[in-house]
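The opening position of the sequence shown corresponds to residue 63 in the numbering used here, with each subsequent residue numbered one higher.
Structure first, commentary second.
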Amino acid sequence: MHKQTKTPNRRDVMVSGLATGLATIVANSSIPGAFAAAPFIGLAQPKFYRCKLGAFEITTISDSEAFIDGPYPIIGANTSEADVQQLMRDNRLPEKKYQPGFSPTLINTGKELILFDTGNGENGFVPRPNGGWLAKQLAPAGFAREQIDIVVLSHGHPDHIGGLLENGSPLFPNARYFIGQIDYDFWAPEGKHSGELEKLAVIFRTNTKQIADRFSFIKPGEDIVTGVRAIEAYGHTPGHLAFLIESNNQSLLLWGDCAHHQVASLARPDWHCAFDVDKAQAALTRQRIFEMAATEKFPVVGYHMPFPSMGYVERLQGSGFRWVPHSYQLNL
Ligand SMILES: [Zn+2]
């Protein structure tokens with residue numbers, strides 16, 4: 063296309079001068095309220111998001127918008143701080159603060175309403191008021207806690223099991239519960255751990271004690287209901303599970319805590335994460351799960367990806383992966 067550039071003539075200059083003069087008169091106007099500055103009302107981010115997978119409805123709910131120091135050394139303790147900071151600069155991200163998602167996810171199959179992970183609750187990783195929002199966000203997202211038929215726990219960490227209790231009682235009075243057998247056996251027994259692990263185990267025991275008889279224990283390859291299958295994702299915790307969701311020949315991968323930062327974890331699956339119980343095994347799992355997501359072109363729900371925590375995985379040239387946020391693919 064041919065584009066002409068125009069040199070401003072005398073009339074243009076006059077018109078522009080007139081406009082400036084008018085703007086000055088308007089700005090000095092004494093009409094009460096007509097041009098008052100609007101008050102600042104603070105930042106706002108979406109708190110829930112809903113889309114479709116086949117016949118299923120998928121809703122992610124934001125349990126926290128907290129900023130955390132990092133990603134280094136939470137991610138990349140086995141490399142240098144400079145490497146991680148360079149990767150952040152290359153991706154237009156702050157070097158010393160990041161905002162992970164904390165995104166419990168509801169899947170309505172039409173037969174069951176299933177909640178995957180329960181957020182920070184009263185005693186999770188991000189305490190109230192900055193975390194633990196799931197209980198309050200259910201209603202605005204369109205749900206009552208009594209409607210939830212099944213609660214699935216990807217693993218036993220406090221930011222996933224924190225929302226099981228509210229005011230000391232189970233938040234989901236009608237739910238059955240599922241967790242990996244290995245993870246339950248890791249966190250539930252008394253006297254198994256010490257130090258930091260024991261602090262986490264105490265929270266797990268506290269939050270699961272009242273519902274212990276409602277748990278079912280699952281293994282990779284087993285279905286929770288038709289269309290919801292557990293996948294082995296060990297390493298973050300010993301029995302950490304991902305889930306493959308299928309409806310009407312459409313699939314989605316819900317990967318729990320396979321990634322803790324949308325750039326650092328994806329670009330460098332070999333970089334260790336401080337929250338991983340077995341760091342080497344978790345790195346291998348990340349690589350395998352990202353390969354699967356990229357090869358199969360699965361949409362993904364990633365608990366700690368930026369809200370609404372849905373996206374796709376692409377291979378980078380050479381090695382590593384890239385998170386492509388969901389836009390409208392599942393909104394049809
Ligand atoms: Zn987590």
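Glycine included, C-beta positions come from ideal geometry on N, C-alpha and C.
In the structure shown, what three-state DSSP assignment does residue i receive?
{"i": "Asn-170", "result": "strand"}
{"i": "Ala-128", "result": "coil"}
{"i": "Tyr-374", "result": "strand"}
{"i": "Pro-387", "result": "strand"}
{"i": "Tyr-296", "result": "coil"}
{"i": "Ser-381", "result": "coil"}
{"i": "Ile-286", "result": "strand"}
{"i": "Gly-337", "result": "Before going on, a small fix: residue 337 reads as Phe here, not Gly. Reduced to three states, the DSSP call for Phe-337 is coil."}
{"i": "Ile-103", "result": "coil"}
{"i": "Lys-158", "result": "coil"}
{"i": "Arg-291", "result": "strand"}
{"i": "Thr-86", "result": "Here Thr-86 scores only 46 on pLDDT, less than 50, and its place in the model is too uncertain to base an answer on."}
{"i": "Phe-164", "result": "coil"}
{"i": "Gly-194", "result": "coil"}
{"i": "Glu-228", "result": "strand"}
{"i": "Leu-392", "result": "coil"}
{"i": "His-219", "result": "coil"}
{"i": "Met-367", "result": "coil"}
{"i": "Glu-260", "result": "helix"}
{"i": "Val-188", "result": "coil"}
{"i": "Ala-98", "result": "coil"}
{"i": "Leu-233", "result": "coil"}
Could you pull the DSSP bridge partners for residue i from this structure?
{"i": "Pro-251", "result": "None, per the DSSP bridge assignment."}
{"i": "Val-213", "result": "Leu-177, Tyr-239"}
{"i": "Arg-112", "result": "Thr-121"}
{"i": "Val-362", "result": "Leu-315, Gly-373"}
{"i": "Ile-280", "result": "Gly-242"}
{"i": "Pro-202", "result": "According to DSSP, Pro-202 bridges with nothing at all."}
{"i": "Ile-265", "result": "For Ile-265, which the question treats as bridged, DSSP gives no partner whatsoever."}
{"i": "Ile-137", "result": "Cys-335"}
Hey, residue i and residue j are a contact pair by Cβ (cut 8 Å); roughly how many whole angstroms apart?
{"i": "Pro-370", "j": "Thr-122", "result": "5 Å"}
{"i": "Gly-242", "j": "Leu-175", "result": "Actually they are not in contact, since the Cβ atoms of Gly-242 and Leu-175 sit about 21 Å apart, beyond 8 Å."}
{"i": "Arg-267", "j": "Ala-292", "result": "The pair is not a contact, with the Cβ atoms about 23 Å apart (cut-off 8 Å)."}
{"i": "Ile-210", "j": "Asn-269", "result": "16 Å between Cβ atoms; not a contact."}
{"i": "Tyr-374", "j": "Val-386", "result": "4 Å"}
{"i": "His-366", "j": "His-322", "result": "5 Å"}
{"i": "His-217", "j": "Gly-283", "result": "About 17 Å separates the two Cβ atoms, so there is no contact after all."}
{"i": "Leu-168", "j": "Leu-392", "result": "In fact, because the Cβ distance is near 14 Å, the residues do not count as touching under 8 Å."}
{"i": "Gln-199", "j": "Phe-129", "result": "Between Phe-129 and Gln-199 the Cβ distance is about 19 Å, and since that is not below 8 Å, they are no contact."}
{"i": "Leu-226", "j": "Pro-232", "result": "6 Å"}
{"i": "Ile-286", "j": "Phe-240", "result": "5 Å"}
{"i": "Gly-297", "j": "Ala-344", "result": "3 Å"}
{"i": "Gly-163", "j": "Ser-124", "result": "7 Å"}
{"i": "Pro-331", "j": "Phe-305", "result": "That pair is no contact at about 20 Å."}
Tell me, please, whether the CB atom of residue i is closer than 8 Å to any CB atom in chain D?
{"i": "Ala-197", "result": "Looking for chain D here will not work: only one protein chain is present."}
With a cut-off of 6 Å, give the chain-ordered residues whose Cβ is closer than this to any heavy atom of ligand 1.
His-219, Asp-221, His-222, Asp-319, Tyr-365, His-366
Output the residue ranges of the beta strand (DSSP E) runs that lie fully inside the stretch 303 to 353 and measure 3 residues or longer, sorted by chain position.
303 to 309, 312 to 316
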